[in-house]
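This report refers to the structure that appears directly beneath it.
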Amino acid sequence: MYKTINDCHIYYEVLGEGQAETIFFIHGAPGLGDCRNDMKAFSSLSSDYQLVFLDMRGSGRSADVPPYTHAQWTADIEQLRRELGLGKIHILGGSYGGYLALEYAIRYPDSVKSVLLRDTAANNKSNDDSIDRALKADLDGLEEEKLRRLFAGTVESNEELKETFFKIQPLYTVKYDEAKVREKIDSIYYHYETHNYAFNQNKISFDITEDIKNIKVPVLITVGIHDWITPVTSSDLLAQNIPNNTYVKFEHSGHSPHLEENAAYLEHMKKFLNQVEERSTVPAAGTDQ
1 MYKTINDCHI YYEVLGEGQA ETIFFIHGAP GLGDCRNDMK AFSSLSSDYQ LVFLDMRGSG
61 RSADVPPYTH AQWTADIEQL RRELGLGKIH ILGGSYGGYL ALEYAIRYPD SVKSVLLRDT
121 AANNKSNDDS IDRALKADLD GLEEEKLRRL FAGTVESNEE LKETFFKIQP LYTVKYDEAK
181 VREKIDSIYY HYETHNYAFN QNKISFDITE DIKNIKVPVL ITVGIHDWIT PVTSSDLLAQ
241 NIPNNTYVKF EHSGHSPHLE ENAAYLEHMK KFLNQVEERS TVPAAGTDQ
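Heads up: the sequence shown at position 237 corresponds to 237 in UniProt numbering, and the numbers run straight through without jumps.
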């Protein structure tokens, strides 16, 4: 379904009961990502939670209406929360979506009950190392110039974005299935201008390492140990700087443990959310039972 949020036509879906605790899911890869992978991974949670999935402005089925800034994207999340009449939410962000989940918690602390992070970072310092890892992998048909344009945010067309993104797919998962990857690549809604803005404007100055020290709510940090683009060291830094965190590493995953080890991922997620609920219902010291 669609809703006009801050003058932009935003695609979103809601699963589960309105009375339940609500989880927002924020996809990664602006201009490439959308909410479908999160729906595939997490829809089974709708028996216990209300789930809100959305395509961020400039991505997926949502309209191409700039600006594509972190301030605008987080404002869109907040406005959708308000229009749905919700109180505090749990927010899960994967990869670039983790940047936005963290910034949402920083910008709108009164709207957040917990934050869940998947393979993300507090800064852009792994960028050059990711390029080096991709080049050393000697992937079939990958052109260094186009790879560097992808990371620099200077892609020249949707066709180029699709081509280069396909070439680096073997890096993302522990087990590579080319037929499934080709099907996924063909199904993507490509928005190269959104991608470019995210990489040549937002990412170059992105560093919230100091800001995350002030996040008060519980945070779940998860990462696949074989992740090439947001490596374990990035999650280590999150764990060192976020005060109230639970940190889980997935031994048999790359960038997508929520899909690669789905059952185990959901178990850790449910355990974390149950603990958040238990803490929130414990009476403060000195209050009447």
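The beta-carbon is built from N, C-alpha and C at its ideal position, and this holds for glycine as well.
Given a cut-off of 9 Å, decide if Ile242 and Lys270 are closer than it, judged by their beta-carbon atoms. no
- 6 Å CB neighbourhood of Val219 in its chain, flanking five on each side removed: Val115, Ile242 and Asn245
Review point. From Val217 to Leu102, what distance separates their C-alpha atoms?
Key: The alpha-carbon atoms of Val217 and Leu102 are separated by roughly 11 Å.
Secondary structure at Leu266, three-state DSSP: helix, strand or coil? helix
Quick one, are the C-beta atoms of Leu161 and Tyr197 less than 9 Å apart? no
Query raised in the report: DSSP on Tyr189, reduced to helix/strand/coil?
Result: coil
Under 9 Å, do Ile215 and Ala75 count as touching if we go by C-beta distance?
The answer is no: Cβ separation not under 9 Å.
6 Å CB neighbourhood of Glu21 in its chain, flanking five on each side removed: Tyr49
field: Burial state of Ser111, where buried means 16 or more other Cβ atoms lie within 10 Å
entry: buried
Requested in this report: Using beta-carbon positions only, say whether Leu51 and Phe42 come within less than 9 Å of one another.
Outcome: yes
Report the start-end ranges of each beta strand (DSSP E) in the segment 100-182 that is 3 residues or longer and not cut off at the edges.
112-118
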